[in-house]
Every structure is written in structure tokens, then in C-alpha cells.
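Some notes on the structure that comes next.
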Amino acid sequence: MCQSFVVAVFDEGMSFGDRALLRGINRSYTCVADQDVFLAIITKKVFLKVLSKFFKLKQLVMNKFLKQIDFLKESKIVELQHLTSMMEVKKFSSGFDIFVEGK
């Protein structure tokens, strides 16, 4: 008999199953509804299409942002795309030390 335990509890608007879609692997957990729920189910084909559009939009936004930096204003789009592919966007909470003097 398999032992059961709670790994996560999902609230409205949250999602799961993306790792299996992205990596083409079997799901690593079983999801059980503890009450009546409505779910929006998306196929792998649609998921990848949406993800592709998201990355294209991110690329456009990042390129526009980089064009505002003086030394990058004359950069070619290919150069900006290469740079944005290496960038990571992070959110920092209010009061968080983004960098510390001397480190």
C-alpha cells in the first residue's frame, strides 16, 4: 500500500503539471481534489504555443528596455536578443538588499 501525504495545497489561480509538460516526463505526484473544483486543462501543444508567445513578448520588452541604455542604443537586434537570452528577471521585496557595499 502506498503512503499518502500532502505536498502542497493549491488556491484559486495556481497551476500544476507544467514540469511534466516541459520535460516530457511522467508526473511526479498525484493530485487529489479535497472539494469540488473547476480546472482549466491545457494540452502540451497549446501550452508550448502559449509559452513561445510569452518568450517572444519577453524578448520584445527586454529589447525595448535595453535600447534605453545609452551604450546599447546602436546595438543590432541580434546582439540585443543574445543579451536578453542570458538575462534573468528577478523580483525583490521592499527592503531587500539587492547588493551590499564591499561584497
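For the sequence shown, the working numbering assigns the number 12 to the initial residue and increments by one for each residue that follows.
Yeah, the Cβ is synthetic: ideal placement off N, Cα and C, and Gly gets one too.
- Contact between Gly28 and Arg38 holds, with the beta-carbon distance rounding to 7 Å and staying under 8 Å.
- Counting along the chain, the unbroken alpha helix (DSSP H) around Val89 starts and ends at 88-97.
- Here DSSP, grouped into helix, strand and coil, assigns Asn74 to helix.
- No Cβ-Cβ contact shorter than 7 Å links Leu62 with Leu77.
- In the three-state reduction of the DSSP assignment, Phe21 falls in the coil class, being assigned neither a helical nor a strand state.
- By a beta-carbon distance limit of 8 Å, Thr95 contacts Gln70. Their separation comes to about 6 Å.
- The three-state reading of DSSP puts Leu68 in helix, counting H, G and I together.
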